[in-house]
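In this text, residue positions in the sequence shown follow this note's numbering: the first is 965, and each later residue adds one.
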Amino acid sequence: MSPPENADLGLGSLLLHADDTPNEQSIAPAISLSTTFRHQEGFDLHTQWDPADPQHHVYSRYTTPISIRLEKVLGSVLKGHAITYGSGLQASNAAITHYNPRRVAITKGYMGVHNILDIHKRSASNLSVIDLDDEYQEGDLAWVETPLNPTGEARNLKHYADKASILYPLADDHIHAVGGKLVVDATFGPPPLQDPFEFGADCVFHSGTKYLGGHSDLLAGVLVVKELDVWKQLFQDRVNLGGVMGSMESWLLLRSLRTLHLRVPRQSQTAQQLVNWLNTVSQVPKGEEFEGIPGGTLTKVQYASLQPVDVGGPGLGPNGFDVSKQMPGGYSAAFSITLGNADQAKSLPFRTKLFAPATSLGGVESLLEQRYQADSKEDPRLVRLSVGLEEAEDLVADLRQALKAVASL
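This is the structure:
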């Protein structure tokens, strides 16, 4: 759906009012579970129905009252035309299907996108996957996940958007200069943390299951684009492929968005407090202790705020970049730590009392997992943390006792 006319409102006001329907008496939106809707006499679906602004509903695979309200809010806060899907993977598949690339530039990140690309290769034998830092060619799709799963570290969006201009100096645009597109997976950095469109994104993807949903009780995917004609093609593809969200999940996601501006900054601030403390723990030499934790139990903390400003490298550009300018609203509430050995990492999630041993992230409750259990390509010593809305000092105390418990393993 398109951004509303009141797009100049602040984030919190948009989340609460972008879908206002003054003619309805109920304050909380109703859930319509109907799959089909009565036709109206004299109404011509082919000439009078606009999927971007439907005055009537026809079939729930097209639109429903709650899905329209949800996409209005998403479009307003994500600054484009938003379309929803039944899961993040469905949204990922929709983007790849729409852009139909010959090559996809992608490095690390969420394993599900890599799995989708493997599926596409079955029917598109000419599809190839290249590294994000390889040279681009006409028709390439650059898929940049930032912040990155599972570390929470940021990638330099301007570097990837400008990369084609470096290769083709006469071009006045970024990856579009070679006929390519830039999709940004911003799941780890929802509003108000960052706006990928400011750095050249053609399409912004969110797994709505995570921070947008925020309560570990729904599956959803979101794509946002700037051009209405692109949105309409995505809509038609969704109608034909059947990846629509259910009405109950749409209602849950809309409910969750009302507090996004309160949840995400608080989670980000708490995560930064934990990172500061954990980073101190990681620097304790073996043979010494910090708050009862033996040195060497925790060896590394990875997080966007710990990235150096002027050091280049893969994902950073040749000269590095200032993450705070790309993420002015704060950093992700998910990050990773590396323990001394795999046994410690495997045991840690079961030694905590507030952090739940579970996969996923973005919910109001804190989670942690040995990431190797979900993605066998990850270092078995790595543990991903998702910080919720508990008090920071309580989470520090929980991690302190848990690290002490696994230190001897």
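Note that the Cβ used here is the ideal one computed from N, Cα and C, for glycine as well. All of these numbers come straight from a predicted model, not from anything done at the bench.
- Non-local beta-carbon contacts of E1329 in its own chain, meaning distances under 8 Å to residues more than five positions away in sequence, involve S1180, A1320, G1352, L1353, E1354 in chain order.
- If you draw a straight line from the Cα of N1120 to the Cα of D983, it comes to about 33 Å.
- T999 has its alpha-carbon roughly 25 Å from the corresponding atom of V1188.
- Take H1084, set aside five residues on each side of it, and the residues of its chain with a beta-carbon closer than 7 Å to its own are I1060, L1091, in chain order.
- Listed in chain order, the non-local C-beta contacts of A1309 below 7 Å within the same chain comprise L1303, Q1334, P1344, R1345, L1346, V1347, local neighbours out to five positions each way being set aside.
- Using a 10 angstroms sphere on the CB of V1370, the tally of other CB atoms reaches 16 or more, which defines it as buried.
- Cβ-Cβ separation between L1105 and Y1063: approximately 5 Å, consistent with a contact (criterion under 8 Å).
- Looking only at D1159, S1089, G1076, D1126, the smallest Cα-Cα distance to T1110 is reached by D1159.
- Per DSSP, A1046 lies in no alpha helix (DSSP H); the unbroken beta strand (DSSP E) holding it starts and ends at 1045 to 1049.
- When the beta-carbon positions are compared, G1052 and Y1100 stay at least 9 Å from each other.
- Boundaries of the alpha helix (DSSP H) around S1232: 1224 to 1246.
- The criterion of a C-beta distance shorter than 9 Å is satisfied by P1114 and D1339.
- Going by DSSP, F1161 is part of no alpha helix (DSSP H) at all; its letter is neither H nor E.
- Secondary structure at K1174: coil, using DSSP grouped into helix, strand and coil.
- Per the DSSP secondary-structure output, V1168 pairs in a beta bridge with V1148, V1188.
- With a contact defined as Cβ atoms closer than 8 Å, S1232 and S996 miss out at about 35 Å.
- By the C-beta density criterion, L1312 is buried, having at least 16 other C-beta atoms within 10 angstroms.
- In the structure shown, E1035 falls within a helical segment according to DSSP collapsed to helix, strand and coil.
- The beta-bridge partner set that DSSP reports for L1349 consists of F1299, L1332.
- Between the beta-carbon of K1264 and that of I1301 there is about 7 Å, and that keeps the pair under the 8 Å contact cut.
- For S1092, the enclosing beta strand (DSSP E) stretches over residues 1092 to 1094.
- Cβ neighbours of T1244 within its own chain (closer than 7 Å, five residues either side excluded): F1254.
- In this structure, S1056 keeps its C-beta atom at 9 Å or more from the C-beta atom of G974.
- E1357 carries a helical assignment under DSSP once its states are collapsed to helix, strand and coil.
- In this structure K1122 is in contact with F1285, their Cβ atoms being roughly 7 Å apart against a cut-off of 8 Å.
- E1342 carries a coil assignment under DSSP once its states are collapsed to helix, strand and coil.
- Judged by DSSP secondary structure, W1107 falls within the beta strand (DSSP E) whose first and last residues are 1105 to 1109.
- In the three-state reduction of the DSSP assignment, A1069 falls in the strand class, which pools E and B.
- Exposure of E1005 is indicated by the presence of fewer than 16 other C-beta atoms within 10 angstroms of its C-beta.
- Annotation for G1259: V1248, P1249, K1250, G1251, E1252, E1253 place their beta carbon closer than 8 Å to its own, counting only its chain and skipping 5 residues before and after.
- When DSSP states are grouped into helix, strand and coil, L1280 belongs to the coil group.
- Cα atoms of Q1290 and Y1124: separation of roughly 13 Å, rounded to the nearest angstrom.
- Counting the other Cβ atoms within 10 Å of the Cβ of G1039 gives 16 or more, which makes it buried.
- Looking at the backbone, the Cα of L979 and that of R1067 are separated by about 37 Å.
- For P1249, the three-state secondary structure derived from DSSP is coil.
- Following the DSSP letters along the chain, one finds L1216 inside the alpha helix (DSSP H) bounded by residues 1211 to 1221.
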